[in-house]
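In the order they appear, the protein sequences are chains A and B.
Residue numbers 1 to 589, in the numbering used here, belong to the letters of the first sequence in order.
Residue numbers 1001 to 1090, in the numbering used here, belong to the letters of the second sequence in order.
Accompanying notes for the structure given below.
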Amino acid sequence: MELERAAVPAAGQTRLPGLERDLARPSNTISGAEAVVRSLAEGGVRTVFGYPGGAIMPVYDALFDHGHEIRHVLVRHEQGSIHAAEGYARACGRTGVCIATSGPGATNLITGIADAKMDSTPVVCITGQVPSSALGSDAFQETDVISVSAPLTKWNHQITDPAEIPAMISKALYLARSGRPGPVLVDITKDAQIGTLAYRPHEEEHEIRGYEPFPTLDEERVEAACRLIDRAKRPLVLVGQGVLLSGAQKELGEFVEKAGLPFACTLLGLGAITSEHPLYVGLLGMHGNYGPNIKTNECDLLVAVGMRFDDRVTGDLAKYARQAKVVHLDIDASEIGKNVPAEVEILADAREALGAMTTRVRSRVRTAWLAEFAACDAVERARVIENDLNPASPELRMSEVMDRLAARTGGRALVIADVGQHQMAAARYYGCREGGAFITSGGLGTMGFALPAAMGVGLARRDRPVVAVIGDGGFQMTSQELATIVEERIPVKVMILNNGYLGMVRQWQELFFRRRYSQTELTNPDFVAIAEAYGMEGRRVSERTELDASIDEMLSSEAPYLLEVVVEREENVFPMVPAGAGCAEIRLE
Amino acid sequence: MHAQYTVTALTEKENSSFLRLIAAMGRHRIEIESYACSTSPSGATYKHVLTVRARPEGMRRAVKQIGGYVGVLGICYRSLEENVNSEKAG
Ligand SMILES: Cc1ncc(C[n+]2csc(CCOP(=O)(O)OP(=O)(O)O)c2C)c(N)n1
Ligand SMILES: [Mg+2]
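Written as structure tokens, this is what we have:
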């Protein structure tokens, strides 16, 4: 984080020294491309991820002179640039920025844009576009990226007039970050990049009609919520990523501790409070813990904070917490009441609302209710966790690998998980101790996310080990970013959990399609040889006796490192709420 | 179960407002029967008026979602029974 901070203007200093000098020039007439770069720098952007091409070349030419202000990371595929920007944003709380050319460059961003939208990640995408005179002519590499990205972005805009650039880049950065964060896209025609403007940094406050990113807290609703909490005998708090996004970890801790509230986390809410907290009762959802899933349908009050009742959390809505009253706190009005109706709806920033609730709520201890979670925990321990961590079989299980990773890192590593069985093993067994220490593609479930995202995390946080946990399938979707990692000397540790299958799909085929393994077995390359070909250290491990030593070796390397862990081929992830079932119909085997 | 509604939305005068509006209707399986758009006298705002067929739940969700979009200044819908519901933008 220090590296990143070093380039940020000091408090009270709004501009960088270099810019100050340039702006003092008698003529401040510059090209649109130059204005793009200056506007980003003025907006506090220090790192961008991108890939050049014809329609964005003027911006790349401007970047050539601004290497001291903005570090450009040349990815090997545009999808890598946006996932890296997402990882960067999620690790340090700043906006991630990526740059691509028109046509295929822009369309290669689309998966990442959808991912960032689902997971409320602040990302600004800048795409080049054909000259405005050629728009609509099916010119070379013309794609209507505004139409394509409209339903996936929080906002998008096409610039054809260079004079618009400072204000629109500033607006893009503001919109991506404020309220419920999300991806925005600015498409800039080539003539707007080449044309000139009299540059003045955009310094005014953004007033965007109809946009209310910071809703006013309704005290009466806070009162009403606290009355329900005070009266409840069996309350359960559901913690989502909104807590992390609003920086409300401390307020959440004070709230649950004062009112004696057990809390469970969604996949993206993990780490909001350490998993070692005595009131933490586990992970929600399809492969979450037994207790919170069962108790959702036995509690008398759900207090949902910054979470959106995603179907992976609720299972069949018709069977979801019908007995419970619901308090729903979220910053996005469209999420409240969308899937689960609430008795008390609180439209607010989580930090402010939790603070207000803590002052009003009565102090309580709920020993008997907590003991019910402990009993569920014991059941899960006996029937699932024991075998996951101490398997009888000689093959390594993903769960024990994640448990050992937690032990060898002391939980200090930032883990970026890809999508599949290994993701669930990481979520369940890494033991997340702080917000932002577990990053994964939640809403979209994008295979190929982890490697480039880890690259962004590695650039944002040099103070921690960064470990990407990836399946053998997902690794092969964005593995070309090993080149970027090596070139940029980002000390990312890549752990491939190789089961020779698209494991999560195979598990479903085993359980719900009579073991008909259609197109899920993989013939894999030699992953260690691939790492070596990219100039990375690598090692393969398959023996339990060598696991700890191999993890230690990986962690002690100061360079990027790839560790292939050969794991049991047909391991299944349990507990599991089968698709279409209610959350309380969770299966332990 | 489908009912007929009139939806009125005010948006910034940006082309992408059409796209977002229509895409959201599609996602919520709302059938558009007619659509008209006019520019406000100030020239800064579009007024979109649609008649649609939808399930009440789909209608409610879509309007709530659209009301939160950047650039949407207001949206309301009215069923044939003249029940007026509105969502403030933001
Ligand atoms: C881009 C993309 N394509 C397909 C899927 C569907 N999918 C979910 S998990 C999975 C298997 C992942 O296999 P692997 O990366 O080897 O991880 P494992 O489950 O074996 O741990 C697939 C194909 C997806 N989530 N993302
Ligand atoms: Mg696999």
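Every residue gets a Cβ at the ideal spot worked out from N, C-alpha and C, and that includes glycine.
Which chain B residues sit within Cβ distance under 7 Å of Ile146/A? Ser1016
Any contact between the segment 545-553 of chain A and the segment 514-532 of chain A? By contact I mean 3 or more CB pairs, one from each, below 8 Å. no
Between the C-alpha atoms of Arg1053/B and Glu1031/B, what's the straight-line distance to the nearest angstrom? 5 Å
Neighbour list for Asn156/A in chain B, Cβ cutoff strictly below 8 Å: Ser1016
Short of 7 Å in beta carbon distance, which residues of its chain neighbour Ser393/A, apart from the five on each side in sequence? Order them along the chain. Glu568
Start and end of the alpha helix (DSSP H) containing Ser149/A? Val145 to Ser149
Using CA coordinates, which residue listed in Gln79/A, Ala35/A and Arg46/A is at the minimum distance from Gly448/A? Gln79/A
Please name the residue or residues paired with Phe49/A in a DSSP beta bridge. Val73/A and Cys98/A
In angstroms, rounded to a whole number, what distance separates the CA positions of Glu413/A and Val130/A? At residue 413/A the sequence reads Ala, which differs from the Glu that was named. So the alpha carbons of these two residues sit roughly 43 Å apart.
Where Leu235/A sits in the DSSP three-state scheme: At residue 235/A the sequence reads Pro, which differs from the Leu that was named. Note: Pro235/A maps to strand in three-state DSSP.
Taking the Cβ atom as the reference point for each residue, do Thr189/A and Thr160/A lie within a distance shorter than 7 Å? yes
I'd like to know whether the C-beta of Gly1123/B is nearer than 7 Å to at least one C-beta of chain A. The shown model of chain B, from 1001 to 1090, leaves out residue 1123/B, and the question about it has no answer.
Asp349/A - partner residues in DSSP beta bridges: Asp349/A is not bridged to any residue.
Could you tell me whether any non-hydrogen atom of ligand 1 is closer than 6 Å to the CB of Asn524/A? no
Separation of Val492/A from Met536/A, as counted between CA atoms: 10 Å
If you follow the alpha helix (DSSP H) that Phe263/A is in, where does it begin and where does it stop? Looking at the DSSP string, Phe263/A is not in any alpha helix (DSSP H); the run it does join, the beta strand (DSSP E), is Phe263 to Cys265.
So with Cβ pairs under 7 Å, would you call Ala1009/B a contact of chain A? no
May I ask you to list the residues that DSSP assigns as paired with Leu590/A? With chain A represented from 1 up to 589, any question about residue 590/A goes unanswered, as that position is not in the structure.
Please check the pair Gly128/A and Ala55/A, which I expect to be a contact at CB under 8 Å, by giving their CB distance rounded to whole angstroms. 3 Å
Residues of the segment 328-356 of chain A with Cβ closer than 7 Å to any Cβ of chain B, in chain order: Asp332, Ala333, Ser334 and Lys338
Along the segment 1024-1057 of chain B, where does the CB come closer than 7 Å to a CB of chain A? Name the residues. none
Distance between beta carbons of Gly1068/B and Asp332/A, contact taken as under 8 Å: 6 Å
Cutoff 7 Å; reference Ser557/A; Cβ partners in own chain excluding five residues on either side: Glu537
Note down, in chain order, all residues in the segment 204-219 of chain A with a beta-carbon under 9 Å from any beta-carbon belonging to chain B. Ile208, Arg209, Gly210, Tyr211, Glu212, Pro213 and Pro215
I'd like the list of long-range same chain contacts for Arg539/A, defined as Cβ closer than 7 Å, with 5 residues on each side in sequence excluded. Val528, Ser550, Glu553 and Leu563
Under 8 Å Cβ-Cβ, which residues of chain A neighbour Leu1019/B? Ile146, Ser147, Ala150 and Pro151
So which of Glu86/A, Leu270/A, Asp65/A and Gly50/A has the shortest CA-CA distance to Gly458/A? Glu86/A
Is Asp472/A close to ligand 2? I mean its beta-carbon at under 6 Å from any heavy atom of the ligand. yes
Answer yes or no: does any C-beta atom of chain A fall closer than 7 Å to that of Val1063/B? no
Any non-hydrogen atom of ligand 2 closer than 6 Å to Tyr51/A Cβ: no
Using a Cβ-Cβ cut-off of less than 8 Å, list which residues of the segment 169-200 of chain A approach chain B; keep chain order. Leu175
Can you list the beta strand (DSSP E) stretches of 3 or more residues lying completely in the segment 401-482 of chain A, in chain order? 414-417, 438-440 and 466-471
Which residue comes first and which comes last in the alpha helix (DSSP H) that contains Val505/A? Gly503 to Phe512
Element boundaries [beta strand (DSSP E), containing Cys1037/B]: Glu1031 to Thr1039
Can you determine whether any heavy atom of ligand 4 sits closer than 6 Å to the C-beta of Asn387/A, and answer yes or no? As presented, the structure is devoid of ligand 4, carrying ligand 1 and ligand 2 as its sole ligands.
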